[in-house]
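Numbering (full-length UniProt numbering), first residue to last: 1 to 148. Ideal placement from N, C-alpha and C gives every residue a C-beta, glycine not left out. Just below is one structure, and these are the notes that go with it.
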Ligand SMILES: Cc1cc2nc3c(=O)[nH]c(=O)nc-3n(C[C@H](O)[C@H](O)[C@H](O)COP(=O)(O)O)c2cc1C
């Protein structure tokens, strides 16, 4: 099965999880990059994230959109910001067609679990959605189990 792991990460935790998931699944790995930089303090990130959520913004992407048609399975990784996905991830999801693809989300967070976000994403974007995965403290065994 051809798999793409695509992730957004501000501080590197999701990036690290994405790298391990890609390695263990033999997937291609790509990063969601935005024109605007999120290199900012925690406080400013909270402010920025809330503004983007409230205004339903879609930060402009600064990346080549991978050719989704080349993949059977898309694994989307993201930190949880203010209980949801950073809007940059929605900018990406708006640009691709996951219809008919197996897809799943994985998250890193302080504590929030990915299930509620997964429900929201499932309602908005059509795909064959699989079980979401909390990548906080995930061992290789946890990842391999999830990938089955
Ligand atoms: C703006 C902002 C909002 C956050 N909101 C939440 C939250 O609602 N729930 C939670 O458990 N963690 C929250 N966190 C913590 C991040 O999800 C966590 O640190 C994540 O692993 C960061 O991933 P990264 O290193 O890939 O950027 C938030 C962090 C930031 C910067």
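- Taking the CA atoms as reference points, residue 44 sits about 25 Å from residue 116.
- Taking the Cβ atoms as the reference, residue 18 lies roughly 4 Å from residue 77, within the contact range of under 8 Å.
- Shortest gap from the CB of residue 11 to any heavy atom of ligand 1: under 7 Å.
- Contact check for residue 61 against residue 30 fails: the beta carbons are separated by 8 Å or more.
- Taking a C-beta distance under 8 Å as the contact criterion, residue 79 and residue 48 do not qualify as a contact pair.
- The segment 88-108 makes contact with the segment 130-137; the number of CB pairs closer than 8 Å reaches 3 or more.
- Judged by beta-carbon spacing, residue 32 lies beyond the 8 Å limit of residue 68, meaning their Cβ atoms are not closer than that value.
- Judged by DSSP secondary structure, residue 75 falls within the beta strand (DSSP E) whose first and last residues are 73-79.
- In this structure, the straight-line span from the alpha carbon of residue 85 to that of residue 94 is close to 13 Å.
- Annotated as proximal: residue 102 and residue 128, with beta-carbon spacing under 8 Å.
- Following the DSSP letters along the chain, one finds residue 54 inside the alpha helix (DSSP H) bounded by residues 42-54.
- Straight-line spacing of the CA atoms in residue 58 and residue 51 works out to 11 Å.
- Looking at the backbone, the Cα of residue 14 and that of residue 53 are separated by about 20 Å.
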